[in-house]
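Here the sequence shown stands for residues 142 to 306, where the numbers follow our numbering.
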Amino acid sequence: MKFLPKTEEDKVIHIYTDGGCRSTAKKGEKIKETDKAAYAFFLKQGGHEKLGGKAFYGKTNNNMELTGLLEALKAINTEKYPIRAYLDSAYVVNTLENKWYETWEKNNWDKKGGLANAELWKELVGQVRRFPFFQIVKVKGHSSDELNNLVDKHVNDLMDALPNI
Numbered sequence: 142m143k144f145l146p147k148t149e150e151d152k153v154i155h156i157y158t159d160g161g162c163r164s165t166a167k168k169g170e171k172i173k174e175t176d177k178a179a180y181a182f183f184l185k186q187g188g189h190e191k192l193g194g195k196a197f198y199g200k201t202n203n204n205m206e207l208t209g210l211l212e213a214l215k216a217i218n219t220e221k222y223p224i225r226a227y228l229d230s231a232y233v234v235n236t237l238e239n240k241w242y243e244t245w246e247k248n249n250w251d252k253k254g255g256l257a258n259a260e261l262w263k264e265l266v267g268q269v270r271r272f273p274f275f276q277i278v279k280v281k282g283h284s285s286d287e288l289n290n291l292v293d294k295h296v297n298d299l300m301d302a303l304p305n306i
């Protein structure tokens, strides 16, 4: 990751993302096809803002966390601005900060024991690499971060809107 000169701060696109799953599975079971899941993102640059997201059935929390950041990056139609992404997902933040994906990439997007969400990781890393400056920031979930709370609420609203099946 490259860091941004302070003179460019006003050009930063700020991204807040979240993902969630309402799993009814018991310990040791897999997510059920009827379990609700969703991701949300919020983009902000200057006076421009965009809230997006989508709900699904049968997706894991980690899948939705990845998809939230992936879809936010895909929604940006230019590479000329720096990106600062704020997530409460240690799964995504730690992987990107520690560049664990580089080893997975060398191993054809695999790791010992298998790589969950390999296709999403591959696509996400490709999106991150589009931008000359990309920074990821870990935020505490369910705390005082107003925009993290906004995307968390949107995730829950999207799941609430799905009919029970």
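Just so you know, even glycine gets a beta-carbon here, dropped at the ideal spot from N, CA and C.
These numbers come from a predicted model, not from an experiment.
{"query": "7 Å Cβ shell around L265 - same chain, five flanking residues per side excluded", "result": "L207, L210, L211"}
{"query": "Beta-carbon contacts of Y222 that lie in its chain and below 6 Å, excluding the five residues immediately before and after", "result": "K152, I154"}
{"query": "Beta carbon of L184 nearer than 8 Å to that of A213", "result": "yes"}
{"query": "Integer-rounded CB distance, given that V292 should sit under 8 Å from F182", "result": "6 Å"}
{"query": "DSSP three-state assignment for Y227, whether helix, strand or coil", "result": "strand"}
{"query": "First through last residue of the alpha helix (DSSP H) which encompasses K294", "result": "287-302"}
{"query": "Cα-Cα separation between Y232 and E190, rounded to whole angstroms", "result": "26 Å"}
{"query": "For Y180, the residue or residues it bridges with in DSSP", "result": "G160, K195"}
{"query": "Any 3 or more C-beta pairs closer than 8 Å across the region 234-245 and the region 274-283", "result": "yes"}
{"query": "Where K88 falls: helix, strand or coil (DSSP)", "result": "The structure shown does not extend to residue 88, since the chain is modelled only from 142 through 306, so no value can be given for it."}
{"query": "V280 and G194 closer than 8 Å at C-beta", "result": "no"}
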